[in-house]
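To start, the structure under review is shown below, and the notes come after it.
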Amino acid sequence: MQWWCSAQGVAWEWTWRAYPGVWLFIALVGAALAYAHRRSGVRTQPWRVSLMAQGVLALWIALDWPVGALGGGYLASLHMLQFLLIALVAPPLILLGIHEEVWDRLARRAVPRWLTAATTPLLGLVTLNAVIVLTHLPAIADPMMATQLGSFAIDMLWLASGTLFWWPLVAPVPARPRFVPPLRMGYLVLGIMFSPVTIVLVAVLVFNEHPLFATYELAPRVGGLDSVLDHQIAGLLMSVGGAVITLVGMTTIFFRWARESEGVHGPDANRGVHRPA
Amino acid sequence: MRTLPRVLLAGALLLVLTACDRGTAAERDANARRVAETGLYGHRLDSARVVPAVTLVDLHGTSHDLAQLTRGKLSLLFFGYTNCPDVCPVHMTNIAAAMRAFSWARRDSIRVIFVTTDPQRDTTERLREWIGSIDSTFLALRGSQAALDSAQRGLGLAEAMRLPGVHEGDYQVGHAGQVLAVFPDGTVRYAYPFGIRQAEWVHDLPKLLAYAAAGDAPASREG
Chain A
24 MQWWCSAQGV AWEWTWRAYP GVWLFIALVG AALAYAHRRS GVRTQPWRVS LMAQGVLALW
84 IALDWPVGAL GGGYLASLHM LQFLLIALVA PPLILLGIHE EVWDRLARRA VPRWLTAATT
144 PLLGLVTLNA VIVLTHLPAI ADPMMATQLG SFAIDMLWLA SGTLFWWPLV APVPARPRFV
204 PPLRMGYLVL GIMFSPVTIV LVAVLVFNEH PLFATYELAP RVGGLDSVLD HQIAGLLMSV
264 GGAVITLVGM TTIFFRWARE SEGVHGPDAN RGVHRPA
Chain B
842 MRTLPRVLLA GALLLVLTAC DRGTAAERDA NARRVAETGL YGHRLDSARV VPAVTLVDLH
902 GTSHDLAQLT RGKLSLLFFG YTNCPDVCPV HMTNIAAAMR AFSWARRDSI RVIFVTTDPQ
962 RDTTERLREW IGSIDSTFLA LRGSQAALDS AQRGLGLAEA MRLPGVHEGD YQVGHAGQVL
1022 AVFPDGTVRY AYPFGIRQAE WVHDLPKLLA YAAAGDAPAS REG
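Those sequence lines, one after another, are chains A and B. In short: position in the first sequence from 1, add 23, done, that's the numbering used here. In short: position in the second sequence from 1, add 841, done, that's the numbering used here.
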């Protein structure tokens, strides 16, 4: 039995398989979120619970059978879907779902210096893009995807770098009064949609004559999908998926900004004691 | 502040440790050595093997002597079956993709031959459909079990054998996984095991053509 999805080199079958490591990880994430909220002693609003549940669900879908298994060793396109879900969808949903009281508790305890340093926008931008480069270099990615530990490391790097990237945008702690909405929108555009790293990777995936990753080129075919086409779909997914996520993020930031400028307060208007007025 | 560098360092270490799989590194070294020695990703055979004279039938019902068929131009010969879940479709689609990178003239100077090791299920219709979905210029051949066994034995390949399938009543066929490069004189000089990539075929095929035109493999010429 495998504990984490990785490339196996055996023919794909639409027969469900268990990945206990994934379940354990998802259970730990859920338990950590529940514990943090229980300690804060507040009743979390349903919309926040829903956001967190969606974030955890996105993680679960990305890591477990069939998406995790197909992305881990058969289809580059699903590998890219995994990246989008793990790094760009799950972290903002989970962070947005965290109750303001949990953030307040963190702020009251004096934010650790390492957290302030680790969640600066510049570091988030650099870390996410560095991780995208590293985990998409064939010389590194192919051998890593062949082992469960390697696949686990890739998934965790995506989750960690995605969390660092979204933290300054979504989390109110530590307060960053100079990181104003226009800068936030620019950060999103530069970090995802028009990131030079993303642009180059998309171009390589879409326009390369031959498949980039040996893992997917030599994997048993799934549904007769050609390996080059599979890589092209992966590139398009990254491009379109990244653009959609960026636009949704920018729209959200813009409307919140507009609401705050007009003095209209939303459900989390009082959230984050250190938030700029 | 000291925690952050430690976390980043641990992440980088994990990345390096998992990327440096010894098997893969050894494989890369062997590939590099082989390319340096022969200029090809293909494995040079210690001694050339002669394609045996066995009769096989193409999709039009025409009989061919395999030994005669492989003469005159560079041939890539592979034994597999259409229900193969992994090696066969990957090998054949990768060769087809590599061939698409060449001009028609160059493509015409290479003959790709697929011989089924599962004549019971691989009917002419089934073979036509399968090979047509990959590249309709590839030749697909069938033959009697005796002819197939004789061909594989003559080429020094392990004879294909039936293995139990995943589902009841189903079966798989265990067979040699390498594509053989047959020179125009009817001798096999190089073998391409499973794992050869499209870009490597694109690299090797023009060189194989050059070696084939020169009538011999490079090491012999140099020697």
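Where a beta carbon is used, it is the ideal one built from N, C-alpha and C, also for glycine. Just so you know, these numbers come straight off a predicted model, no measurement behind them.
For P926 of chain B, a Cβ of chain A is located within less than 7 angstroms of the residue's own Cβ. By alpha-carbon distance to S218 of chain A, the top candidate from A:A198, A:V196 and A:F188 is A:F188. Between W27 of chain A and P243 of chain A, the gap from beta carbon to beta carbon reaches 7 angstroms or more. G94 of chain A sits in a helix when the DSSP states are folded into three classes. Among the residues facing chain B, P114 of chain A is not included, as its CB has no counterpart in that chain under 7 angstroms away. Around the CB of W70 of chain A, fewer than 16 other CB atoms lie within 10 Å, so the residue is classed as exposed.
Inter-segment contact for the segment 220–232 of chain A and the segment 904–921 of chain B is absent: fewer than three beta-carbon pairs are separated by less than 8 angstroms. Every unbroken stretch of the alpha helix (DSSP H) spanning 4 or more residues and falling wholly within the segment 58–114 of chain A is given here in chain order: 69–86, 90–96 and 99–106.
A Cβ-Cβ distance of about 6 angstroms is found for the pair H932 of chain B and F919 of chain B, placing them in contact under the 8 angstroms criterion.
Within chain A, the residues whose beta carbon sits less than 9 angstroms from that of V931 of chain B are E240, L241, A242, P243, R244 and S250, listed in sequence order. Going by C-alpha positions, Q25 of chain A is about 13 angstroms away from L47 of chain A.
Within the segment 1024–1056 of chain B, those residues whose Cβ lies closer than 8 angstroms to any Cβ of chain A are, in chain order, F1035, G1036, R1038, Q1039, A1040 and V1043. Chain B has no Cβ within less than 7 angstroms of the Cβ of A55 of chain A. When the alpha-carbon of W137 of chain A is set against those of A:V112, A:L116, A:P197 and A:Q171, the nearest one is in A:P197. The alpha-carbon separation between V125 of chain A and S63 of chain A amounts to approximately 6 angstroms. Below 8 angstroms, enough C-beta pairs join the segment 1039–1049 of chain B and the segment 871–885 of chain B to call them touching: three or more.
Assignment of T911 of chain B by DSSP, reduced to helix, strand and coil, places it in the coil class.
Interface with chain B (7 angstroms Cβ-Cβ cutoff): H254 of chain A is excluded.
The beta carbons of V892 of chain B and L907 of chain B sit closer together than 7 angstroms. Looking from the CA of L900 of chain B, the closest CA among B:Y1033, B:L1004, B:Q993 and B:T965 belongs to B:T965. CA-to-CA, the gap between R279 of chain A and V203 of chain A works out to about 12 angstroms.
DSSP, read as helix, strand or coil, puts H1044 of chain B in helix. Bridge pairing for Y882 of chain B: absent [DSSP]. Contact annotation for T934 of chain B against chain A: R244, D249 and S250 [CB-CB distance below 8 angstroms, chain order].
In the same chain as Q31 of chain A, and ignoring 5 residues on each side of it, the C-beta atoms closer than 6 angstroms to its own belong to G96, in chain order. No Cβ of chain B is located within less than 7 angstroms of the beta carbon of A30 of chain A. Within the model, the alpha-carbon separation for V112 of chain A versus V223 of chain A is close to 22 angstroms. Note that the C-beta distance between W971 of chain B and T923 of chain B is below 7 angstroms. For M261 of chain A against V225 of chain A, the beta-carbon gap comes to about 5 angstroms, under 8 angstroms, which counts as contact. In the DSSP assignment, F955 of chain B falls within the beta strand (DSSP E) that extends over I951 to T957. Within 10 angstroms of the beta-carbon of G1056 of chain B lie fewer than 16 other beta-carbons, which makes it exposed. The beta carbon of A153 of chain A sits no closer than 7 angstroms to any beta carbon of chain B. Taking all protein chains in view, the Cβ of D887 of chain B is surrounded by fewer than 16 other Cβ atoms within 10 Å, so the residue is classified as exposed. Within the segment 206–239 of chain A, those residues whose Cβ lies closer than 7 angstroms to any Cβ of chain B are, in chain order, E232, H233, P234 and A237.
Within the same chain, W189 and V193 come within 6 angstroms of P115 of chain A by CB-CB distance, once the 5 residues on both sides are set aside.
Annotation: the segment 929–1004 of chain B contains the following complete segments of the alpha helix (DSSP H) (minimum length 4 residues), in chain order: 945–949, 965–975 and 986–995.
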